Amino acid sequence: MGPHPAVAAIRLAVRRVLHDLLTEHHRTPAAVPHAPSHEPPPSSRLRSSRDVPPSPPLVLVACSGGADSMALASALAFESPKLGIRAGGVTVDHGLQPGSDARAAEVVQRLRELGLDPVDSVAVTVGRTGGPEAAARDARYAALDTAAERHGAAAVLLGHTRDDQAETVLLGLARGSGIRSLSGMAAVSGAGGRYRRPFLELDRQTARKACMVQSLPVWDDPHNADPAYTRSRLRHEGLPALEKALGKGVVEALARTAQLSRDDADALDSWAGQAEATVRDATGLLECAKLYALPPAVRRRILRRAAIEAGAPAGSLFARHIEEVDRLITGWRGQGAINLPGKVVAQRQGGRLVIRQG
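Each residue of the sequence shown is one higher than the last, beginning at 4 in this note's numbering.
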């Protein structure tokens, strides 16, 4: 008899990601040590470098101790030895609750009991920028980046599920930030594709069931049920209300919307990247007449990129900011400069759009 269907599903999802990582790893040339002064002929060096197999990649799992990440950790521990991959883990102590350090120590112990090595616990200080949820997320990803770089990890696996994706799409819809915001979380993201999300096509209940049948202890973060947090209210009030009004299948539909939106956004980003060079003059300034001729979705992407390059923080640059800058192109009536986040100023001068630090 094979494993429980929930366990089989999480293992298959992780196996697919690990296969992708192995393929990428073997495409990367192995490092060859510096040859001594009596080095062999070039043909011999090339032959020997091809014969040197690359060292096994290390994959880390980010684990909070919750059902999603514990299911992910167990699947990684099961699948990695069969593929010759080293597997480790990291848990982040946000310090936002009493006893969080003891909780992190428990997670470390559980990961080691699964056979993962190395395993790290990283304590962070959560700031206030962007609100508590955004600040905690920023601190967490900074810690994961540091851990990955310290250990030379090829990737960090994250336990976001299809339910998390649906919530992210709804949060983006509420912000009114455009199609990129509706595209949710990417299966592969981060510098060099560091972050991988194997569970985006699995629901949260599958991960919890996999933990239950494997007798894996899990921790339910009280913040996930705290109505003070927007995502918590959406999870426990918003999505159930939508399912009651629209019927089952809302989560799946939102996840499909994320993928379709991501495909469209990627295509428009590519178009904007190609078009940007054609709308700048010899000095690099944006020409308003040429910008006006572009489709609005392409033009606004160019404007957003220019604002970020000038120093506007991407996380603070909203659709309403770009719309105001866009009116300097489409509704020019001699209006003054537009102030953007990061002390960036956009103004029209002599048929050119100038975006710079104010």
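We treat Cβ as the ideally placed atom computed from N, Cα and C, and that holds for glycine. Given the structure is predicted, the values throughout are model-derived calculations rather than measurements.
Pairwise C-alpha distance: residue j and residue i
i	j	result
GLU204	GLY181	23 Å
LEU24	GLY339	51 Å
ASP329	GLN100	44 Å
ALA278	GLY187	25 Å
ASP284	ALA177	38 Å
MET215	ARG131	36 Å
ARG159	TRP335	Correcting the residue type first, residue 159 is Val in the shown sequence and not Arg. Their Cα atoms are separated by approximately 47 Å.
ASP269	MET4	43 Å
GLU240	VAL254	14 Å
TYR198	ALA190	8 Å
PHE81	ALA107	22 Å
ASP141	PRO316	13 Å
PRO36	ALA231	With a pLDDT of only 40 at PRO36, under 50, the local geometry of the prediction cannot be trusted, and no value is derived from it.
LEU242	GLY252	11 Å
TRP222	SER67	8 Å
THR149	LYS247	43 Å
GLY118	THR209	23 Å
LEU219	GLU116	11 Å
PHE202	GLN217	18 Å
ILE341	GLY134	25 Å
ARG323	PRO299	14 Å
GLU312	SER192	21 Å
ARG234	ALA256	18 Å
ASP229	PRO6	35 Å
ARG308	LEU245	35 Å
PRO8	ASP224	26 Å
GLN360	GLY314	7 Å
Local Cβ density within 10 Å of residue i, reported as buried at 16 or more and exposed below that
i	result
VAL10	buried
SER264	buried
ALA12	buried
ASP167	buried
LYS212	buried
ARG50	Unreliable placement is indicated for ARG50, whose pLDDT of 48 sits below 50; the coordinate value is still reported in the next sentence. Under this definition ARG50 is an exposed residue.
ASN227	exposed
VAL110	buried
VAL62	buried
ASP123	buried
GLY318	exposed
LEU249	exposed
ASP120	exposed
VAL347	buried
ASP206	buried
SER83	buried
ALA105	exposed
THR26	exposed
THR286	exposed
Closest Cα partner of residue i within the set the options
i	options	result
GLY337	PRO344, LEU343 and GLY354	GLY354
GLY175	GLU327, TYR198, GLN168 and LEU185	LEU185
GLY69	ARG153, ALA142, ARG19 and GLY162	GLY162
LEU15	ALA270, ALA258, LYS293 and ARG200	ARG200
ALA126	VAL93, GLU152 and ALA156	VAL93
PHE321	ARG303, LEU331, ILE332 and HIS29	ARG303
GLY87	VAL221, GLU136, LEU21 and TYR232	LEU21
GLY195	ALA157, ALA270 and ARG19	ALA157
ARG143	THR128, GLY241 and THR260	THR128
SER273	ALA80, LEU117, ARG183 and LEU343	ARG183
GLN262	ASP206, PRO299, ARG236 and ARG165	ARG165
ARG236	ILE305, GLN352, GLN217 and GLU136	GLU136
VAL301	THR286, PHE202 and GLY276	GLY276
ARG19	LYS85, LYS247 and ALA256	LYS85
ARG351	PRO8, LEU288, PRO6 and THR260	LEU288
Nearest-angstrom beta carbon gap, residue j and residue i [assumed within contact, 8 Å]
i	j	result
ALA65	SER72	6 Å
VAL17	ALA78	4 Å
ILE358	CYS291	So it is not a contact: roughly 12 Å between Cβ atoms.
HIS97	ALA151	Actually they are not in contact, since the Cβ atoms of HIS97 and ALA151 sit about 18 Å apart, beyond 8 Å.
ALA169	ALA258	6 Å
ALA310	ALA280	Not really, about 18 Å apart at Cβ, beyond 8 Å.
ALA146	LEU114	Going by Cβ atoms, the distance from ALA146 to LEU114 rounds to 16 Å, so no, they are not a contact pair.
LEU294	LEU356	7 Å
ILE3	LEU297	Summary: the structure shown does not reach residue 3, with the chain confined to residues 4 through 361, and so no result is reported for it.
GLY154	GLY91	The residue you asked about is not Gly; residue 154 is His in the sequence shown. Correct: roughly 7 Å between the Cβ atoms.
PRO60	ARG89	7 Å
CB contact check: residue i to chain C, cutoff 8 Å
i	result
PRO243	Reference to chain C is not applicable here, since this structure consists of a single protein chain.
### Message
For a minimum of 4 consecutive residues, which ranges assigned as the alpha helix (DSSP H) are wholly contained in the segment 153-179?
### Response
165-178
### Query
Which whole runs of the beta strand (DSSP E) in the segment 78-114 are 3 residues long or more, in chain order?
89-96
### Query
Where in the segment 250-312 do unbroken runs of the beta strand (DSSP E), each at least 3 residues long, occur, reported from the N-terminal end onward?
none
### Query
Which whole runs of the alpha helix (DSSP H) in the segment 313-353 are 4 residues long or more, in chain order?
322-333
### Task
Give, in chain order, every unbroken run of the alpha helix (DSSP H) that is at least 4 residues long and sits entirely within the segment 203-232.
207-216
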